[in-house]
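Protein chains: 2
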Amino acid sequence: MTTQSTIPGYTYGSPDNPPSPVSMDDLAKLEGALLFTEEDVQALRNAGDILVPQTDAILDVWYGFVGSHDFLLSYFADEEGPRADYLSRVRARFGKWIEDTCRATYDETWLSYQQEIAERHYTRKNQTDGGAAEGTPPIINWRYINALVYPIYATVRPFLEKGESDPEAVERMHQAWLKAVLLQSTLWALPYMREGAW
Amino acid sequence: MTTQSTIPGYTYGSPDNPPSPVSMDDLAKLEGALLFTEEDVQALRNAGDILVPQTDAILDVWYGFVGSHDFLLSYFADEEGPRADYLSRVRARFGKWIEDTCRATYDETWLSYQQEIAERHYTRKNQTDGGAAEGTPPIINWRYINALVYPIYATVRPFLEKGESDPEAVERMHQAWLKAVLLQSTLWALPYMREGAW
């Protein structure tokens, strides 16, 4: 995480991140429900070796996808249109998120940053990026976060295939990636939910 | 849907189902975010031809999974343990859900039943099954619904492979199934969410 200081608003490990309401025991159960195991953790490490050097190309695909759907792009737009400065700040964090997903430690520090990310989508969306986010919608509607699990999953496959020729190893990394992304979108739902519903 | 009358609590198409707060336009956008297309609808039809005759075997796998995780089984248990009558009523609907997922019409009738299912998980969990559900927890916590998208997705693959020898056709059906399940878990989150958050 050596590039932390160069990424605007990136605060992994900061004591200012909120404590997660999710206990380590809750997390273990959630991993059980997701069939997420130590093998997935290892497969994600391997995926990271392949994906991290391709971060910019992956982000190009994802930003192309968001940019081609007005109802997604609108979350980054004020009344005059998309805010390039806001999109650019988010892009830097989104790139680091690829690495963080592949290297996740699944401990309390990690849970706390998941809660921070969740709150940045709902409770305090436009605070992190200050003026760059001014005039944009006050929340990201949760349905799109969960729906985007699919394209975020499907579109990494060709990038995994560029770095690994064994189809079984690709499949293992790809499935681990899907579980890791679904786990995060599930955690990010927390502040959106009614008391006790999550 | 000829077996409707034999399935306890199954009310697809009933005028008593609540109207969905999700408009057809909202649904189209959500499908766009999920990369869900007409090709997926067709692939799901093909998947239905293969999966529906194997419904009981699939349910055995899923019930085995739930039964082997106390924290999942507890939603179907009262203070004396798992309620066999409750599990059996839900099982009949869960089987029909496989068919319904493969034959879904994605219209207002379908959206209305998604809302009905969502409310049965949260707003009024124990009403449909009356005495059979008595003493069981008042809601299904939403995190497990979303997490179970993964096992519900992963475990159907061998069943698809039993009915289709072309790996590409299996993959198309399997991806369509994943999108359809993720779409439903996203819709089912609605009543759990704070006003406007969904």
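Chains as they are written, first to last, in my numbering: chain Z, 1 to 198; chain X, 1001 to 1198. No residue lacks a Cβ here, since even glycine has one placed at the ideal position from N, Cα and C.
Sheet register partners of residue i (DSSP bridge)
i, result
"Met1193 (chain X)", "Z:Met193"
Nonlocal neighbours in the same chain, by C-beta distance under 6 Å from residue i, ignoring five residues either side
i, result
"Tyr75 (chain Z)", "Pro137 and Ile140"
"Thr1002 (chain X)", "Low confidence applies to Thr1002 (chain X): its pLDDT is 44, below 50, so where it sits in the model is not reliable, and the reading given next is rough at best. Around Thr1002 (chain X): no qualifying Cβ."
"Ala133 (chain Z)", "Tyr86 and Asn126"
"Leu187 (chain Z)", "Gln114"
"Phe1036 (chain X)", "Lys1179"
"Val52 (chain Z)", "Glu99"
"Thr1101 (chain X)", "Ala1180"
"Gly1095 (chain X)", "Thr1055 and Leu1059"
"Gly1013 (chain X)", "Thr1109"
"Ala118 (chain Z)", "Trp188, Leu190 and Pro191"
"Met193 (chain Z)", "none"
"Trp198 (chain Z)", "Leu190"
"Arg1103 (chain X)", "Gly1048"
"Thr155 (chain Z)", "Val61"
Cβ shell of residue i (< 7 Å), same chain only, five flanking positions each side left out
i, result
"Leu72 (chain Z)", "Val66 and Tyr144"
"Ser1112 (chain X)", "Asn1017, Pro1018, Pro1019 and Ser1020"
"Arg120 (chain Z)", "Thr128"
"Arg1089 (chain X)", "Pro1008, Gly1009, Asp1129 and Ala1132"
"Tyr1153 (chain X)", "Trp1177, Leu1178 and Val1181"
"Ala1077 (chain X)", "Arg1083 and Thr1136"
"Trp1092 (chain X)", "The sequence given here places Ala at residue 1092 (chain X); Trp does not occur at that position. Cβ neighbours of Ala1092 (chain X) beyond the five flanking positions: Ile1007 and Pro1008."
"Leu27 (chain Z)", "Tyr106 and Leu111"
"Glu79 (chain Z)", "Gly135"
"Glu116 (chain Z)", "Thr11, Asn17 and Pro18"
"Leu34 (chain Z)", "Lys179, Leu182 and Leu183"
8 Å Cβ shell around residue i - same chain, five flanking residues per side excluded
i, result
"Ile50 (chain Z)", "Phe159, Leu160, Lys162, Gly163, Glu164 and Met173"
"Ile1151 (chain X)", "Reading off the sequence, residue 1151 (chain X) comes out as Pro, not Ile. Once the five neighbours on either side are set aside, the close Cβ partners of Pro1151 (chain X) are Trp1062 and Phe1065."
"Glu1168 (chain X)", "none"
"Arg157 (chain Z)", "Val170 and His174"
"Pro15 (chain Z)", "none"
"Gly1081 (chain X)", "none"
"Glu39 (chain Z)", "Arg172 and Ala176"
"Thr123 (chain Z)", "Pro191"
Query raised in the report: Does the region 1177 to 1192 of chain X come close enough to the region 142 to 150 of chain Z to have 3 or more Cβ pairs within less than 8 Å?
Result: Yes: at least three Cβ pairs fall under 8 Å.
Report task. Taking only runs that begin and end inside the region 49 to 118 of chain Z, name each unbroken alpha helix (DSSP H) of 4 or more residues, in chain order. Result -> With a minimum length of 4 residues, the continuous alpha helix (DSSP H) runs that stay inside the region 49 to 118 of chain Z are 55 to 67, 70 to 73 and 84 to 102.
Query - Cβ contact check for the region 1058 to 1068 of chain X and the region 1017 to 1027 of chain X: 3 or more pairs under 8 Å - result: The region 1058 to 1068 of chain X makes no contact with the region 1017 to 1027 of chain X, as fewer than three CB pairs between them are under 8 Å.
Query - Cβ-based contacts, 9 Å cut-off: residues of the region 1165 to 1189 of chain X near chain Z - result: Correct list: Gln1175, Leu1178, Lys1179, Leu1182, Leu1183, Ser1185, Thr1186, Leu1187 and Ala1189.
Query raised in the report: Using Cβ-Cβ distances below 7 Å, what residues of the region 1144 to 1160 of chain X are close to chain Z?
Result: So the list reads Tyr1144, Asn1146, Ala1147, Leu1148, Val1149, Tyr1150, Pro1151 and Ala1154, given in the order they occur along the chain.
Query raised in the report: Are the region 41 to 50 of chain Z and the region 160 to 176 of chain Z touching, with three or more C-beta to C-beta distances below 8 Å?
Result: The region 41 to 50 of chain Z makes contact with the region 160 to 176 of chain Z: 3 or more CB pairs, one atom from each, lie closer than 8 Å.
Report task. Quick one: which unbroken alpha helix (DSSP H) runs of 4-plus residues sit fully inside the region 8 to 47 of chain Z? Chain order, please. Result -> Complete alpha helix (DSSP H) runs here, min 4: 24 to 33.
**Report entry** Where the region 1033 to 1045 of chain X meets chain Z: residues whose CB sits under 7 Å from a CB there
**Finding:** From the region 1033 to 1045 of chain X, only Ala1033, Leu1034 and Leu1035 have a Cβ closer than 7 Å to chain Z.
Query raised in the report: Given a limit of 8 Å on CB to CB distance, which residues of the region 1071 to 1084 of chain X reach chain Z?
Result: For chain Z, the residues of the region 1071 to 1084 of chain X that bring a beta carbon within less than 8 Å of one of its beta carbons are Phe1071 and Leu1072, in chain order.
Requested in this report: Name, going along the chain, the residues of the region 7 to 32 of chain Z whose beta-carbon falls closer than 7 Å to a beta-carbon of chain X.
Outcome: Correct list: Lys29, Leu30 and Gly32.
Report task. Output, in sequence order along the chain, the residues in the region 1121 to 1135 of chain X whose CB is closer than 8 Å to any CB in chain Z. Result -> The region 1121 to 1135 of chain X vs chain Z, Cβ under 8 Å: Tyr1122.
Query raised in the report: Between the region 55 to 70 of chain Z and chain X, which residues of the former have a C-beta closer than 8 Å to a C-beta of the latter?
Result: Of all residues in the region 55 to 70 of chain Z, His69 have a Cβ within less than 8 Å of some Cβ in chain X.
Report task. Scan the region 1087 to 1115 of chain X for residues whose Cβ lies nearer than 9 Å to a Cβ of chain Z and list them as they occur along the chain. Result -> Against chain Z - using a Cβ distance shorter than 9 Å - the region 1087 to 1115 of chain X contributes no residues.
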